[in-house]
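Worksheet: the structure to be examined is printed underneath.
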Ligand code: ZN
Ligand code: MN
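Numbering (my numbering), first residue to last: 87 to 528.
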């Protein structure tokens, strides 16, 4: 008996960074605020209160959708998802079911694998339950500041095949929404939450079996996501060997990640989709897009340089290595800082590649402005006074002296050139890129 495939689909919830909530004018920024100070009849679910959708939140989801190449259906609407829970005062969540804002997107991982994004839709967040002990009594308190905060839900196809891919996917989503400036996407603060759905394909004596799907909740870091998935793979395989329970309609389970135990633990059983009795939200008219609306959004997304495009441009424009460009474009602020520094000075001894090295290796003190960083580089003589020409001559000489390095490079061992980087630095103080050296190899 062996695991022939690990099957993972991921749901991500992202709190959108709008000024007001999804359906009312209450302040949206709820983190760390005094409980129940940002509420109104709409987000408290009082009878007769009418929701008015937040246009900016809708635009944010469309922008996200377009950035992952989604289709924007011309017709979209809100639905009621009915269930009872103390954090949901109306007894239903306004969400989207049959007609989401965006469908059929794609995200490419660093290894080139494409993850299909089934949909990204808009809904409202619930209130927050706080389990506390007051006067030796265990109580649950409710904070409605979070009730009605706009949430974007992003759902993938079950095409992720290991915990590393899952982590990479989550990191890319976080990077993207931060670049688009539509969310802080902070897992620790709960503004990004993920729910991986995990099960296994198992091969036994030529037959294929599937283990019941488990939805993982309560994950508040990428590291925990990876650990929870890895634990679940092991647990499901062991459970199948012992009990041979196969996936069937209705045996999907919800488990939470318990970091102190290093285990997933069972939570309430998941309702089937039908149990939610979805129906169209009668208080909000459907959204109907015209072609020019979509064109308008498409032109707006053209004005955002997406992280993967920025990375490519950094390689082309500044001669950075793939690694350097990846590190520098991980966060937009760092990428901007790098480019501003290069703009201050990219001549003579101080070139884009050198500046990249200094920022990546954190050689300079923290919090320097781009101008201060250039001054620091000059005063610390981190860069060499040797001319470009002489450095190229030195590289050629070193490559002749070390044929074994050239040979390993030709066999695909790019890191072998690191030795030449070290020797050049030792002799001249200059930091040269691997690319610069590889260009000298015929
Ligand atoms: Zn409100
Ligand atoms: Mn949801």
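Quick reminder that beta carbons are idealized off the backbone N, C-alpha and C, glycines included.
For this session: Give me whichever residues DSSP pairs with residue 206 in a beta bridge.
Result: 188, 240
Problem set entry | Proximity to residue 180 [Cα-Cα], best of 372, 459, 466, 221 | 372
Problem set entry | DSSP-derived helix/strand/coil call for residue 87 | Correct three-state label for residue 87: coil.
Exercise. What is the C-beta distance between residue 431 and residue 460, in whole angstroms, given that I count them as a contact (C-beta under 8 Å)?
Worked result: 5 Å
Exercise. Are residue 97 and residue 211 closer than 8 Å when you measure CB to CB?
Worked result: no
Exercise. Which stretch, first to last residue, makes up the alpha helix (DSSP H) that contains residue 310?
Worked result: 308-329
Exercise. Which runs of the alpha helix (DSSP H) fall wholly inside the segment 413-485 and span at least 4 residues, in chain order?
Worked result: 418-430, 438-446, 456-466
Exercise. DSSP state of residue 128, grouped into three classes?
Worked result: coil
For this session: Give the straight-line distance between the Cα atoms of residue 502 and residue 402, rounded to the nearest whole angstrom.
Result: Cα to Cα, the separation comes out at about 23 Å.
For this session: Could you please give me the residues that DSSP links to residue 278 through a beta bridge?
Result: 100, per the DSSP bridge assignment.
For this session: Return the chain-ordered ranges of every alpha helix (DSSP H) run that is complete within the segment 106-187 and spans a minimum of 4 residues.
Result: 141-153
Problem set entry | Own chain residues within Cβ distance below 7 Å of residue 351, not counting five before or after | 341, 342, 344
For this session: Report whether the distance from the Cβ of residue 374 to the nearest heavy atom of the ligand MN is below 7 Å.
Result: no
Exercise. For residue 401, which three-state DSSP category applies?
Worked result: helix
Problem set entry | Span separating the alpha-carbon of residue 153 from that of residue 509 | 44 Å
Exercise. Closest to residue 167 by CA distance: which of 445, 361, 485, 463 is it?
Worked result: Closest by alpha carbon: 361.
For this session: Please find out if some non-hydrogen atom of the ligand MN comes closer than 7 Å to the beta-carbon of residue 181.
Result: yes
For this session: Select from 520, 315, 473 the residue whose C-alpha is nearest the C-alpha of residue 407.
Result: Checked all of 520, 315, 473; the closest Cα to residue 407 is 520.
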